[in-house]
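Participant:
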Amino acid sequence: AVAATAPSSCAQPDLTAAAPTPSSATVGTPLTFSSTVSNVGGLTTGASFNNRFRVATAANGGGTVSTLSVNSLATLAASGNAGVTSSSYTFSSAGTYSVSVCADQNASSVGTITESNEGNNCSGWTNVTVTAAPTPPATP
């Protein structure tokens with residue numbers, strides 16, 4: 038007789054995002070944020086998916102959180118990585134803000150890829166120090 042064995046869990050993709058950069062900005066100067074999305078799972082995503090950059094009005098994701106931009110990535114192979122970049126963003130006042138990236142999320146925080154771990158899609162928050170633009174020297 039052959040002993041029955043429990044089926045192993047099916048391999049699935051597992052998408053994660055690295056903390057975005059940069060961590061400093063100047064009031065009134067547009068910039069873009071960059072991150073790396075990784076598929077740390079054992080299977081390709083099999084389809085394209087969205088990634089959402091979020092910005093918070095205070096450090097560590099505090100204050101009001103809103104969507105900075107959403108972009109799409111093509112199919113990502115198992116153990117694959119891809120760079121993602123936000124749309125241009127301009128801070129209107131000095132202070133400490135924060136930015137995060139969520140793999141496989143649209144603007145409504147909804148994903149399309151079935152993953153082995155749906156709870157690790159978002160990066161940690163990167164605190165962004167926004168300074169006032171330097172004042173040009175007075176001309177005599």
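Under the numbering used here, read the sequence shown as residues 38 to 177, first letter to last.
Note that the Cβ used here is the ideal one computed from N, Cα and C, for glycine as well.
All of these numbers come straight from a predicted model, not from anything done at the bench.
(1) Count the C-beta pairs between the stretch 101-118 and the stretch 159-169 that are closer than 8 angstroms, then say yes if the count reaches three, no if not.
(2) Three or more C-beta pairs under 8 angstroms: does that hold for the stretch 80-94 against the stretch 102-112?
(3) Have a look at N143 and S85 and give me their C-alpha separation to the nearest angstrom.
(4) Are three or more beta carbon pairs between the stretch 53-62 and the stretch 128-147 nearer than 8 angstroms?
(5) I need the boundaries of the beta strand (DSSP E) containing A140, first residue and last residue.
(6) Excluding sequence positions up to five away, which residues of its chain have a Cβ less than 7 angstroms from the Cβ of F128?
(7) With DSSP as the reference, please indicate the residues paired to T122 in a beta bridge.
Facilitator: According to the structure shown:
(1) No contact exists between the stretch 101-118 and the stretch 159-169.
(2) Remark: three or more beta-carbon pairs, one from each stretch, lie closer than 8 angstroms, so the stretch 80-94 and the stretch 102-112 are flagged as touching.
(3) Our two residues, N143 and S85, have alpha carbons roughly 12 angstroms apart in a direct line.
(4) Yes, the stretch 53-62 touches the stretch 128-147.
(5) Residue range 132-140 is occupied by the beta strand (DSSP E) that includes A140.
(6) Excluding residues within five positions, the ones whose Cβ falls inside 7 angstroms are A62, V64, Y134, V167.
(7) S71.
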